[in-house]
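Numbers 1 to 227, taken from full-length UniProt numbering, label the letters of the sequence shown in order. Even glycine gets a Cβ: it sits at the ideal position worked out from N, Cα and C. Quick notes on the structure that follows.
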Amino acid sequence: MTTTSLTPTGVDALIIDYNGVIGKQPTSLMWTRLADIAEWPNRQLDSFQDACWAPRNAYDAGELSDLAYWSKVLGHHPGPRWLRTLRAADTAMWIRTDERVLDILRRARATALPMVLLSNAPHFLSDVLDATDWRRELMTDALYSARLGLCKPDRAVYEHALAATGIADPARVLFIDDRADNCQAAAELGLRALHYTGQPADLEEQLLPADPTAVFCPSAARRGASR
Ligand SMILES: [Mg+2]
1 MTTTSLTPTG VDALIIDYNG VIGKQPTSLM WTRLADIAEW PNRQLDSFQD
51 ACWAPRNAYD AGELSDLAYW SKVLGHHPGP RWLRTLRAAD TAMWIRTDER
101 VLDILRRARA TALPMVLLSN APHFLSDVLD ATDWRRELMT DALYSARLGL
151 CKPDRAVYEH ALAATGIADP ARVLFIDDRA DNCQAAAELG LRALHYTGQP
201 ADLEEQLLPA DPTAVFCPSA ARRGASR
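This is the structure:
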């Protein structure tokens, strides 16, 4: 088996996190609005966020329904209308995207680079992300924790994502995530890992060839790789 990479960047596929890379973090105003909707006492954001995060992993893993999650956050069951309002406000916090990142991904995708989205997200948010234009335009596949029944950094999650890239050798696949523990788990499987810290230039360096004329041509690259 040849070890020659098919692309000028040496990356033959990408596995990319959503929130904190493509997706922007919620603003304080958004958290305050959600706390207001939750009727949280005295707008105490610290305690509200703690209450939201405590059951979040189970929610992301698909172990809790929307009702079960918000019942844990609030300490009581919200009615159906209140639940829908909470879920809509929560989802709205996580769907804003960084156009700088999407622009780089579009340019990388133009080189035919396979891209797989890998996100820890509950079912409802997964469905919303799946329906976005950028997801349909850019991603060859999208894996969500709620559908897998597992969250990053579980090793099996990365095995599913690697299989979805269609690339057998993990050393040719770049994993990008804003959490160090997720990157560490990916590296343990042999994936190349980039811990993203909010600098789009880091993505550009990894995903786009330094020579802009070196546009990836799959058939030509395969001919070159077979030599
Ligand atoms: Mg993230």
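Per-residue DSSP class, three states only, for residue i
i           : result
residue 284 : Because the chain spans 1 through 227 in this model, residue 284 falls outside it and cannot be assessed.
Y59         : helix
L138        : helix
L14         : strand
L207        : helix
A187        : helix
D169        : coil
L150        : coil
R179        : coil
L82         : Note on residue identity: the sequence assigns Trp, not Leu, to residue 82. DSSP places W82 in helix when its eight states are reduced to three.
A91         : For the record, residue 91 in the displayed sequence is Thr; it is not Ala. Helix.
A201        : helix
A38         : coil
A108        : helix
Cα-Cα separation between residue i and residue j, rounded to whole angstroms
i           : j    : result
D197        : D178 : Sequence check: residue 197 is Thr here, not Asp. Going by the C-alpha atoms only, they are around 6 Å apart.
P209        : I95  : 29 Å
L105        : D17  : 12 Å
Y144        : P122 : 8 Å
D98         : E159 : 27 Å
G79         : N19  : 29 Å
R107        : V11  : 14 Å
A92         : A171 : 36 Å
L162        : E39  : 42 Å
residue 276 : A68  : With the chain covering only 1 through 227, there is no way to say anything about residue 276.
Q44         : A35  : 8 Å
T27         : R155 : 31 Å
R135        : G149 : 21 Å
A185        : L14  : 16 Å
P114        : G75  : 43 Å
A168        : V116 : 14 Å
L191        : L207 : 15 Å
Sheet register partners of residue i (DSSP bridge)
i    : result
R192 : L174
M30  : Its beta-bridge partners do not exist; DSSP assigns none.
G23  : N19, T97
Continuous beta strand (DSSP E) stretch holding residue i: start and end
i    : result
S119 : 115 to 119
D141 : 141 to 144
Range of the contiguous alpha helix (DSSP H) that encloses residue i
i    : result
Y158 : 155 to 165
A68  : 66 to 74
W53  : 45 to 53
H123 : 123 to 130
is_contact[residue i, chain C] using C-beta, thresh 9 Å
i   : result
A54 : Protein chain content of the structure displayed is limited to a single chain, and chain C is not contained in it.
Residue i Cβ short of 8 Å to ligand 2 heavy atom set
i    : result
R155 : This structure lacks ligand 2; the ligands present are ligand 1.
* Closer than 5 Å from C-beta to any heavy atom of ligand 1: which residues, in chain order? -> Having a Cβ closer than 5 Å to some heavy atom of ligand 1 are D17, N19, G20, D178.
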